[in-house]
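In the numbering used here, the protein residues as written are 4 to 279.
Written out as structure tokens, the structure is:
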């Protein structure tokens, strides 16, 4: 806490002034976090002093605001080009505007990075193991597919969950995992349709997806220098895949010199009268 406070003062983050008349003073609070290494051990303890933005009212105290973040597609493009051109990939951290932690990249935004002679692999092995441990899935029998395609899922097909928060956490974590596991993306997209009112069959399907993960928890995306830098895109769709809404599902898959960099599957908003 002292280090954080001293850094804020050194950067002249604030000026001490009398409070303006008829203006509300926004309070602040401390937020604590334990930063972990890729193996799960403690790297350091962090403290951040933040403004209580939740005490403000939209369109009165502020307008639209957001913090831009890098897209995972951008990260994959950069890694693909770096490996192809034999660039050295580094990572750095920003601590109160000063750079530190400059070094080769091994763990970045929850992704594990491993350098091999044939290229560079990004995976989420630690995240997968933590996910399985959180929902006690290590002792479950494994399955070969992330989704049972013989079952048709609807919004109303069983008893509602008494506590839907577990379902929401599973789908949210699977959605993050699919950044290096495109094989589970369709399953995640399909089960995300029921986040508003999940029911027992939906929960069983989510647990089924977790049982699929131990088979390939170490899998990731390989970026190899032997690949070219050509961009290839694939797309497909089915007709009236949803038996209830009769809308079709379309998807695309884009590669940059071999490894996938972007993919998506989505139910279309309109009803198509044919598959042509």
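Where a beta carbon is used, it is the ideal one built from N, C-alpha and C, also for glycine.
None of these values were measured; they are calculated from a predicted model.
I'd like the list of long-range same chain contacts for residue 204, defined as Cβ closer than 8 angstroms, with 5 residues on each side in sequence excluded.
154, 156, 160 and 161
Would you tell me roughly how many angstroms separate the C-alpha atoms of residue 91 and residue 117, rounded to the nearest one?
13 angstroms
Assuming residue 239 contacts residue 254 under a Cβ cut-off of 8 angstroms, what Cβ separation, rounded to an integer in Å, is found between them?
6 angstroms
Measuring CA to CA, which of 163, 150, 186 and 224 is closest to residue 200?
163
Taking the alpha helix (DSSP H) that residue 1 falls in, what are its first and last residues?
No statement about residue 1 is possible, as the shown extent of the chain runs from 4 to 279 and does not include it.
What residue from 44, 23, 144 and 27 has the CA that sits closest to residue 54's CA?
27
Given a cut-off of 8 angstroms, decide if residue 193 and residue 285 are closer than it, judged by their beta-carbon atoms.
In this structure the chain extends from 4 to 279, so residue 285 is not present and cannot be described.
Quick one: what's got a C-beta closer than 8 angstroms to residue 264's C-beta in the same chain, skipping five residues either side?
76, 79, 80, 83, 257 and 258
In the DSSP assignment, what are the bridge partners of residue 264?
Paired residue(s): none; residue 264 is not in a bridge.
8 angstroms Cβ cutoff met for residue 268 and residue 179
no
Provide the residue(s) that pair with residue 156 in DSSP beta bridges, ordered along the chain.
Its beta-bridge partners do not exist; DSSP assigns none.
Taking just the CA atoms, how far does residue 13 sit from residue 48?
21 angstroms
Nearest by alpha-carbon distance to residue 236: which of 262, 217, 128 and 223 is it?
262
Contact defined as beta carbons within less than 8 angstroms: I believe residue 124 pairs with residue 223. What is the distance between those atoms, to the nearest angstrom?
5 angstroms
Under the DSSP definition of a beta bridge, which residues are partnered with residue 7?
Paired residues: none, contrary to the question.
Under the assumption that residue 16 contacts residue 126 (Cβ atoms under 8 angstroms), give the Cβ distance between them as a whole number of angstroms.
Not really, about 38 angstroms apart at Cβ, beyond 8 angstroms.
Just verifying my parser: in three-state terms, what is the DSSP assignment at residue 126?
strand
Give me, in chain order, the residues of the same chain whose beta-carbon lies closer than 7 angstroms to that of residue 228; leave out the 5 immediate sequence neighbours on both sides.
86, 87, 89 and 122
Strand pairing of residue 31, partner residues [DSSP]
54
Best match in 270, 142 and 242 for proximity to residue 276 [C-alpha to C-alpha]:
242
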